[in-house]
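Student: Which chain is which? The protein sequence lines are Z and Y, in order. Count the first sequence with the numbering used here and you get residues 1 to 317, in order. Count the second sequence with the numbering used here and you get residues 318 to 634, in order. By construction, the Cβ of each residue, glycine as well, lies at the ideal position given by its N, Cα and C atoms. A quick note: this is a predicted structure, and the numbers were derived from the prediction, not measured. What follows is a single structure, and I will ask about it in a moment.
Protein chains: 2
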Amino acid sequence: MPENFADRLLDAIRTKGSPTCVGIDPVYSRLPADIAEQKELNDESDSEVALDAVLEFCRRVVKIVAPHVPAVKINTAFFERYYWDGIDAYFDLIQEADKAGLIVIGDGKRGDIGLTAEMYARSALAEPDFANLDDLTGPDAVTVSSYFGLDGVKPFINVARDESKGVFVLVRTSNESAAQIQNAKLESGLTVSEHIAQQVEAWAKDFGLVGANGYSLVGAVVAPTDREEIMRLRGMMQHCIFLVPGYGAQGGTAQDIAPCFKSDGTGALITASRSVIYAYEDMKYLERWPSEWDKCIEQACKDFATEVNSVVLTKSE
Amino acid sequence: MPENFADRLLDAIRTKGSPTCVGIDPVYSRLPADIAEQKELNDESDSEVALDAVLEFCRRVVKIVAPHVPAVKINTAFFERYYWDGIDAYFDLIQEADKAGLIVIGDGKRGDIGLTAEMYARSALAEPDFANLDDLTGPDAVTVSSYFGLDGVKPFINVARDESKGVFVLVRTSNESAAQIQNAKLESGLTVSEHIAQQVEAWAKDFGLVGANGYSLVGAVVAPTDREEIMRLRGMMQHCIFLVPGYGAQGGTAQDIAPCFKSDGTGALITASRSVIYAYEDMKYLERWPSEWDKCIEQACKDFATEVNSVVLTKSE
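This is the structure in structure tokens:
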């Protein structure tokens with residue numbers, strides 16, 4: 001196994017044949033009926049019961065998607081929702097995804113400074129340094145906030161380098177009001193996002209973090225907003241793999257994500273969350289498999305990979 | 318009890334006679350010997366044992382400082398360090414601080430968009446909506462990231478408004494490299510921090526969030542950097558209480574924090590963390606109470622309040 005996270009991720013993408021990632025954002029109210037209606041799992045008002053149902057669903061999703069995608073992105077917020085038991089379940093799911101051979105991205109967008117950032121970096125990314133948690137595996141990579149500048153990110157980079165893991169730094173998000181902050185124009189002519197992109201590229205290539213494929217263990221979270229903007233960001237961050245959210249349910253289409261890739265078809269990992277994990281709510285799949293939610297998810301996952309591949313192949317031809 | 322968080326906080330400041338807050342950032346290696354050396358708490362390699370020691374210390378700190386300060390700020394990173402059990406301990410400590418009559422600020426700097434932000438807002442700030450956690454109290458306010466613009470903050474504001482709680486939005490941090498991002502100059506002439514400050518003030522005064530004292534439940538995290546910068550930020554955010562980190566161990570002094578207050582002596586809550594909770598490592602206190610760490614903490618807490626008050630009184634004279 002390569003030591004460098006970017007090399008590991010690229011290997012996994014080659015093996016599965018698609019630069020895709022399934023995002024796991026589970027909510028109890030959308031669980032398939034056959035899980036939510038199981039007697040012992042059917043109580044949304046009890047956090048432990050509801051969480052058991054959520055975890056059961058997520059475990060099954062991981063198994064369904066594992067043959068088709070190289071990675072999953074687990075959204076910590078949906079587990080924090082269930083307090084300490086939720087964090088326990090988040091780690092349970094990481095173990096499950098790891099056993100299924102998936103690269104696991106913990107999407108927590110933590111950020112702080114100094115010793116606080118070190119604490120977050122250790123708990124978010126490091127293998128536990130406690131004897132009683134020896135068997136626990138952490139995620140392969142995490143998302144982090146960029147607002148603190150390098151000192152806020154460096155502790156995560158240090159842990160990532162020491163443990164062959166990765167960091168995706170927040171550069172551009174997909175929400176409408178992000179533009180209020182991220183598209184503000186600087187005197188230099190750059191937007192705030194572009195200014196951060198410049199810094200992230202400098203961090204990515206600076207600390208001997210670049211692997212055999214030319215990518216760094218420091219990547220960037222870049223949502224597919226407008227084409228010109230993404231092309232500029234792609235040009236600015238030559239050493240960064242883009243973790244691209246917003247495909248499917250958040251409105252991103254295959255054409256939107258095309259500029260996230262370099263001309264050789266590398267450089268991005270596209271994430272679809274709700275459009276895959278809740279595919280059994282989509283008439284397109286529901287009509288075909290009215291009572292087999294797992295088949296709906298599997299087909300949606302395959303369709304997602306095919307759509308993304310069509311863009312990558314067109315680009316690299 | 319007033320409904321508005323800013324009014325509650327100002328009442329608490331008046332009652333305790335000082336706009337101060339003790340930050341709780343516990344690390345096992347700095348625990349007082351008589352806690353770390355207790356047989357059943359003396360094993361840093363076992364996360365549960367180490368956490369029990371950390372929690373025991375924090376509980377005692379809360380009791381020691383409660384008569385002297387209106388608020389404590391609990392840094393979630395230092396609890397996440399211990400995984401799910403750490404989150405359980407974080408909530409235990411909130412209950413303890415709440416019982417001691419303290420306003421509790423959960424310092425997690427969470428941020429995301431859409432439904433993810435709602436999930437964070439509920440778990441970070443709401444009273445639990447699960448029957449089995451009915452007795453659990455959440456923090457009175459939390460810190461949140463600003464990088465997503467309004468949609469990232471609005472879910473926190475909504476929960477805060479509904480539950481008489483508060484939100485402190487990250488505007489300016491104290492670390493050196495923060496300037497790389499936060500001091501970048503915009504075409505408008507503002508820095509990125511100032512631009513965010515303008516937005517935060519707009520959010521703070523906009524949604525009917527302002528209490529009887531003229532402050533909003535939306536406040537701002539503003540570190541005491543340079544005097545001119547803080548005066549500009551103070552001028553721009555008339556409706557925001559500043560949560561001011563960095564006093565003491567991070568290098569902030571009484572003079573540095575003066576511009577965080579308005580001329581009437583209101584408008585800021587000053588936080589000292591390590592300089593208070595580890596006062597027993599400071600020769601100034603250690604010489605006087607070589608084997609009573611609790612007395613060292615109590616005196617450091619009183620000294621901190623006195624120093625901050627000297628600035629506030631000078632200012633409002």
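Among N75/Z, A100/Z and C260/Z, which one has its Cα closest to the Cα of A89/Z?
Tutor: The residue with the shortest Cα to Cα distance from A89/Z is N75/Z.
Student: When the distance is taken between beta carbons, is G563/Y closer than 7 Å to A585/Y?
Tutor: Not a contact, by the Cβ cut-off of 7 Å.
Student: DSSP on V153/Z, reduced to helix/strand/coil?
Tutor: V153/Z falls in the helix class under three-state DSSP.
Student: So is D479/Y in contact with chain Z if we call contact Cβ pairs under 7 Å?
Tutor: Output row for D479/Y: interface = no.
Student: What do you reckon, are the CB atoms on E201/Z and M237/Z nearer than 7 Å?
Tutor: Yes.
Student: I believe V488/Y touches V538/Y by the beta-carbon criterion, under 8 Å. Please report the beta-carbon distance rounded to the nearest angstrom.
Tutor: So it is a contact: roughly 6 Å between Cβ atoms.
Student: If you measure beta-carbon to beta-carbon, which residues of the segment 61-77 of chain Z are closer than 8 Å to chain Y?
Tutor: Under the 8 Å Cβ criterion, the segment 61-77 of chain Z contributes N75 and A77.
Student: Confirm, please, whether the CB-CB distance from F621/Y to A571/Y is below 7 Å.
Tutor: Contact flag unset, no.
Student: Check this for me: beta carbons of A414/Y and V379/Y, under 7 Å apart or not?
Tutor: Yes, they are a contact pair.
Student: Can you name the residues of chain Y whose CB is closer than 7 Å to the CB of Q180/Z?
Tutor: Residues of chain Y passing the Cβ test: G466, L467 and Q516.
Student: Between T314/Z, L313/Z and I297/Z, which lies nearest to V69/Z when the distance is taken from Cα to Cα?
Tutor: Looking at the Cα atoms, I297/Z is the closest of the given residues.
Student: Tell whether a beta-carbon distance below 7 Å holds between A521/Y and C557/Y.
Tutor: In contact: A521/Y and C557/Y (Cβ atoms closer than 7 Å).
Student: With a floor of 4 residues, list each alpha helix (DSSP H) that falls wholly inside the segment 545-575 of chain Y, ordered by position along the chain.
Tutor: You should have 571-574.
Student: Which value, in whole angstroms, describes the spacing of the CA atoms of E40/Z and L372/Y?
Tutor: Cα-Cα distance, rounded: 34 Å.
Student: Rank F168/Z, I64/Z, A66/Z and L313/Z by C-alpha distance to the C-alpha of S216/Z and give the top, closest one.
Tutor: Checking every option, the nearest Cα to that of S216/Z belongs to F168/Z.
Student: Considering only residues of the same chain and omitting the five flanking positions on each side of A514/Y, which have a CB-CB separation below 6 Å?
Tutor: Taken in chain order, the residues that qualify are V488, L550, M553 and M554.
Student: Would a check of beta-carbon distances place M119/Z closer than 7 Å to chain Y?
Tutor: At least one chain Y Cβ lies under 7 Å of M119/Z.
Student: Do we get a CB-CB distance below 7 Å when we pair H195/Z with the residues of chain Y?
Tutor: Yes, H195/Z lies at the interface with chain Y (some Cβ there is under 7 Å from its Cβ).
Student: On a CA-only basis, which of E176/Z, A212/Z, T191/Z and S174/Z is nearest K499/Y? Give me that one, please.
Tutor: Here residue 499/Y is Gln; the residue named in the question, Lys, does not match the sequence. Closest by alpha carbon: T191/Z.
Student: Could you give the DSSP three-state label for L442/Y: helix, strand or coil?
Tutor: Note: L442/Y maps to helix in three-state DSSP.
Student: Are the beta-carbon atoms of A6/Z and G211/Z separated by less than 7 Å?
Tutor: A contact, by the Cβ cut-off of 7 Å.
Student: Using a Cβ-Cβ cut-off of less than 8 Å, give me the residues of the segment 348-370 of chain Y that come near chain Z, in sequence order.
Tutor: Result list: S362, D363, S364, E365 and A367.
Student: In its own chain, which residues sit with a C-beta less than 7 Å from the C-beta of F145/Z, not counting the 5 before and 5 after it?
Tutor: Per the sequence shown, residue 145/Z should be read as Ser rather than Phe. If we look at S145/Z and ignore the five residues flanking it on each side, its Cβ neighbours are K109, R110, G111, G152 and L170.
Student: Could you name the residues of the segment 480-491 of chain Y whose beta carbon sits closer than 8 Å to any beta carbon of chain Z, in the order they occur along the chain?
Tutor: Those residues of the segment 480-491 of chain Y that come within reach of chain Z (Cβ to Cβ, closer than 8 Å) are L487, T490 and S491.
Student: Decide if T332/Y is buried, meaning its Cβ has at least 16 other Cβ atoms within 10 Å, or exposed.
Tutor: Classification for T332/Y: exposed.
Student: Residues bridged to N75/Z by DSSP?
Tutor: According to DSSP, N75/Z bridges with D107/Z.
Student: From G86/Z to R605/Y, what distance separates their C-alpha atoms?
Tutor: Whole-angstrom Cα-Cα distance: 45 Å.
Student: Which chain Z residues are close to N449/Y, counting only those with a beta carbon under 7 Å from its beta carbon?
Tutor: The answer, in chain order, is D46, S47 and E48.
Student: So, is A33/Z buried or exposed, given that buried needs 16 or more other C-beta atoms within 10 angstroms?
Tutor: Result: exposed.
Student: Could you give the distance in angstroms between the alpha-carbon of V91/Z and the alpha-carbon of V561/Y?
Tutor: Residue 91/Z is actually Phe in this sequence, not Val. Rounded to the nearest angstrom, the two C-alpha atoms are 34 Å apart.
Student: So L186/Z contacts chain Y; which residues on that side make the cut at Cβ distance below 9 Å?
Tutor: Within 9 Å Cβ-Cβ: A501, K502, L503, E504 and V509.
Student: With 16 other CB atoms within 10 Å as the buried threshold, where does Q516/Y fall?
Tutor: Under this definition Q516/Y is a buried residue.
Student: At which residues does the beta strand (DSSP E) containing I587/Y begin and terminate?
Tutor: Taken as a continuous stretch (DSSP letters only), the beta strand (DSSP E) holding I587/Y covers A585 to A589.
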